[in-house]
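Per the numbering used here, the very first residue in the first sequence carries number 1; after that it's consecutive.
Beta carbons are placed, not taken as given, at the ideal position from N, Cα and C, and that holds for glycine.
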Amino acid sequence: MQRVLNKAFFDRPTLDVARDLIGKQLCRRLESGKIIRARICGTEAYDGFEDRASHASKGATTRNVVMFGPPGRAYIYLCYGVHWLFNITTREKGYPAAVLIRAVEGVAGPGRLTKHFQISSSFNDQLLTRVGGLWVEDVDGEVSPTRIVATPRVGVNYAGAEWAAMPWRFVWEKQE
DNA sequence: TGCGCGATTCTC
DNA sequence: AGAATCGCGCAT
1 MQRVLNKAFF DRPTLDVARD LIGKQLCRRL ESGKIIRARI CGTEAYDGFE DRASHASKGA
61 TTRNVVMFGP PGRAYIYLCY GVHWLFNITT REKGYPAAVL IRAVEGVAGP GRLTKHFQIS
121 SSFNDQLLTR VGGLWVEDVD GEVSPTRIVA TPRVGVNYAG AEWAAMPWRF VWEKQE
C-alpha cells in the first residue's frame, strides 16, 4: 500500500515535516517513462523569517519566492553556480519555510541527489502532491523515531552561532 | 555597477 | 587545497 503525501502533510510545522520525511519515498518519472524511487534518509529544515540560515531571512526575492508560497511544492535553486538543490515547501502561504532533501538511500549529498533524479529548475514551484514527474510516497513499515537523529545543519556557519547550532538536520541512522 | 561568498562536489 | 561558475546582498 502506497499513498502520495498530500498538502496536509506539508502544511505543518517545518521541523515535524523534516523529521517525518525520513523513510518516505522520493519518486520521479523520467522523460523515458521509467520511475525511480528511493527512501529519503537526510533532510534539513529552513523555517520562518528569523532563521538566518534560510534564504527567506533577507525577504522575498525572485529566487526564493517559492518558499513564501503554499506547501507541498518544489523549491529548487542553483547552489555555488553548479548544483541544483531540491527543497519541499512547508507551512501556509505567506510563511517562508522549506525542507532541503539532502540524501536518499544510495545517494548522499543534495547536489548528487538532484543529478541522480534529474531534478533541475524546471521543477521549481511545481506541485509535488500528486503523481506526475516528481512526488513523495508513504510506504508500509513506519520508521522508528529512535532511529532518526537530529544534528546541526551543514554549511550554515555564516548564519551565526545561534542559528548554526539549531538541530534542524535529520538523519536516518540505520542499525546494522 | 562591481565584488565576495554561498544549504556543494570533484579533482589534483 | 582549488576549481567550477551563477545569483544575491551589500558596498561603491
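Proximity winner among the options, relative to residue i (alpha-carbon distances)
{"i": "residue 101", "options": "162, 48 and 136", "result": "136"}
{"i": "residue 109", "options": "21, 41 and 11", "result": "41"}
{"i": "residue 130", "options": "91, 71 and 39", "result": "71"}
{"i": "residue 36", "options": "106, 81 and 78", "result": "106"}
{"i": "residue 32", "options": "117, 123, 69 and 126", "result": "117"}
{"i": "residue 166", "options": "24, 22, 9 and 50", "result": "50"}
{"i": "residue 34", "options": "87, 154 and 132", "result": "132"}
{"i": "residue 139", "options": "14, 27 and 97", "result": "27"}
{"i": "residue 29", "options": "155, 65 and 123", "result": "123"}
{"i": "residue 75", "options": "81, 96, 82 and 58", "result": "96"}
{"i": "residue 155", "options": "164, 148 and 147", "result": "164"}
{"i": "residue 149", "options": "6, 54 and 15", "result": "15"}
{"i": "residue 93", "options": "174, 147, 66 and 126", "result": "66"}
{"i": "residue 120", "options": "12, 153 and 78", "result": "78"}
CB-CB length for residue i against residue j, believed under 8 Å
{"i": "residue 45", "j": "residue 104", "result": "At roughly 17 Å, the Cβ-Cβ gap does not stay under 8 Å, so residue 45 and residue 104 are not in contact."}
{"i": "residue 160", "j": "residue 52", "result": "6 Å"}
{"i": "residue 85", "j": "residue 114", "result": "7 Å"}
{"i": "residue 90", "j": "residue 10", "result": "5 Å"}
{"i": "residue 168", "j": "residue 23", "result": "Contact flag wrong, Cβ pair sits at about 18 Å."}
Range covered by the beta strand (DSSP E) that runs through residue i
{"i": "residue 47", "result": "35-47"}
{"i": "residue 102", "result": "97-104"}
{"i": "residue 92", "result": "Note, residue 92: premise wrong, no beta strand (DSSP E); not H, not E."}
{"i": "residue 138", "result": "134-138"}
{"i": "residue 126", "result": "Element bounds for residue 126: n/a, residue is neither H nor E."}
Limits of the unbroken alpha helix (DSSP H) element including residue i
{"i": "residue 11", "result": "That residue, residue 11, is in no alpha helix (DSSP H); it is neither H nor E in DSSP."}
{"i": "residue 173", "result": "Run containing residue 173: none; DSSP gives neither H nor E here."}
{"i": "residue 117", "result": "110-117"}
{"i": "residue 164", "result": "161-164"}
Per DSSP, cross-strand counterpart(s) of residue i
{"i": "residue 177", "result": "Outside the displayed range of the chain (1 to 176) lies residue 177, so it cannot be described from this structure."}
{"i": "residue 151", "result": "169"}
{"i": "residue 26", "result": "38 and 136"}
{"i": "residue 3", "result": "138"}
{"i": "residue 66", "result": "The partner list for residue 66 (beta bridge, DSSP) is empty, contrary to what the question assumes."}
{"i": "residue 107", "result": "104"}
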